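S.K.: What follows is a structure written as structure tokens; I'll ask about it next.
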Amino acid sequence: MLELFLRLERFTSRIALIAAVVMLIISVSLGFYQVLTRFVFNAPSTWSEVMSRSAMIWCVFLGAAACFRGGYMMAVEVIYKLVPARALVWLELLVAFGCLVVLTILVYFGTLMTIRVSSQTLSGMGISIAWAYAAIPVGAAFSVLAVLARIAAQVTRREPIGPAEAEAPPEKKPEISAAPARQAPQGDTLQNSVKPAATTGRVRS
């Protein structure tokens, strides 16, 4: 059952990421088109700026799902270094719970907001502004699946625990202690301290 859920989440996160990349390309292309029409042709477009902004909103909310799944969101790495290794899973559960609370609020109130503004239209395009607001609940729903899949994979030891960009603590090198000098016996010490005098005289036959 868990393997099926992880496979489903992997598919949905990939779809969200591909859609986010497409929206980014659309936003950049329309922004370039807006600059051309305004400063080159001296006839600014009335719809490209609004469409570019809406595509960027979709790009952000859809791309958040892939960031949640890969653990690329901002993290206070010092906390992970202070918490013992055995307690890291509880820290991840706490973080996941906080993310799920915020994402659930976005899904709920984002849906209500999308329904509420459905009668309004985007300026210069004549389509409902709800298409732009729908990025909030849709992207948050993708992110909910990503957070659940990440914490499930970590609890079952399928993935390492901790932020993806966290630096591993430096390994402590074992200290090499100097071996104590061998104490010479008292007799040897006395003999070594007295040096024989060099004889300069000739030996007579």
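First residue of the sequence shown: 5, per this note's numbering; consecutive thereafter. All residues carry an ideal CB built from backbone N, CA and C; glycine is no exception. From a predicted model like this one, the values you see are computed outputs, not experimental measurements.
(1) Is I83 helix, strand or coil when you go by DSSP?
(2) Return the chain-ordered list of same chain residues with a C-beta closer than 7 Å to the C-beta of V121, the five sequence neighbours on each side being excluded.
(3) Can you name, in chain order, every residue of its own chain whose Cβ lies under 8 Å from the Cβ of F15, other than the five neighbours on each side?
(4) Of the residues I22, S52 and A23, which one's Cα is nearest the Cα of S33?
(5) Taking only three categories from DSSP, how would you classify S230?
(6) Would you tell me roughly how many angstroms separate the C-alpha atoms of G74 and M55, rounded to the nearest one?
(7) Is it right to say E13 is buried, meaning 16 or more other beta carbons lie within 10 angstroms of its own, or is it exposed?
(8) Around the C-beta of R90, are 16 or more other C-beta atoms found within 10 angstroms, so that it is buried, or is it exposed?
(9) If we call anything under 7 Å between Cβ atoms a contact, is L98 one with A144?
(10) Between I140, L86, P48 and G102, which has its C-alpha nearest T118's C-alpha?
(11) Would you tell me roughly how many angstroms separate the C-alpha atoms of Y37 and I30, rounded to the nearest one?
(12) Between which two residues does the alpha helix (DSSP H) holding P141 run?
(13) Among the residues of its own chain, which have a CB less than 6 Å from the CB of M77, if the five just before and after it don't count?
(14) I'd like the list of long-range same chain contacts for E171, defined as Cβ closer than 6 Å, with 5 residues on each side in sequence excluded.
M.R.: Walking through what the data contain:
(1) Here residue 83 refers to the residue found at position 79 when the sequence shown is read from its first residue. In the structure shown, the three-state DSSP call for I83 is helix.
(2) For this step, residue 121 is matched to residue 117 along the sequence shown. Close CB contacts of V121 within its chain, under the 7 Å cut and outside five residues either way in sequence, are with I133, A134 and Y137 (chain order).
(3) Mapped onto the sequence shown, residue 15 falls at position 11. So the list is empty, once near-sequence residues are dropped.
(4) Indexing the sequence shown from 1 puts residue 33 at position 29. When each option's Cα is compared against that of S33, the closest is S52.
(5) Residue 230 falls outside the range modelled here, since the chain spans only 5 to 209, and no answer is possible.
(6) In the sequence shown, residue 74 corresponds to position 70, counting from 1. In the sequence shown, residue 55 corresponds to position 51, counting from 1. Straight-line Cα distance between these residues: approximately 29 Å.
(7) Position 9 of the sequence shown, counted from the first residue, corresponds to residue 13. Result: buried.
(8) Here residue 90 refers to the residue found at position 86 of the sequence shown. Its Cβ having fewer than 16 others within 10 Å, R90 is exposed.
(9) Looking up residue 98 in the sequence shown gives position 94. Looking up residue 144 in the sequence shown gives position 140. Going by C-beta atoms, L98 is not nearer than 7 Å to A144.
(10) For the purposes of this step, residue 118 is taken as residue 114 along the sequence shown, with counting starting at 1. Taking only the C-alpha atoms, the option nearest T118 is I140.
(11) The residue labelled residue 37 in the question sits at position 33 within the sequence shown. The residue labelled residue 30 in the question sits at position 26 within the sequence shown. So the two alpha carbons sit approximately 10 Å from each other.
(12) The residue you call residue 141 lines up with position 137 of the sequence shown. Looking at the DSSP string, the run of the alpha helix (DSSP H) that includes P141 is A139 to V159.
(13) Counting from 1 along the sequence shown, the entry for residue 77 is found at position 73. In chain order, C71 place their CB closer than 6 Å to the CB of M77, counting only its own chain and leaving out the 5 sequence neighbours on each side.
(14) Start at 1 with the first residue of the sequence shown, and residue 171 comes out as number 167. Unreliable placement is indicated for E171, whose pLDDT of 46 sits below 50; the coordinate value is still reported in the next sentence. Spatial neighbours of E171 in its own chain (CB-CB distance under 6 Å, excluding positions within 5 residues in sequence) are not present.
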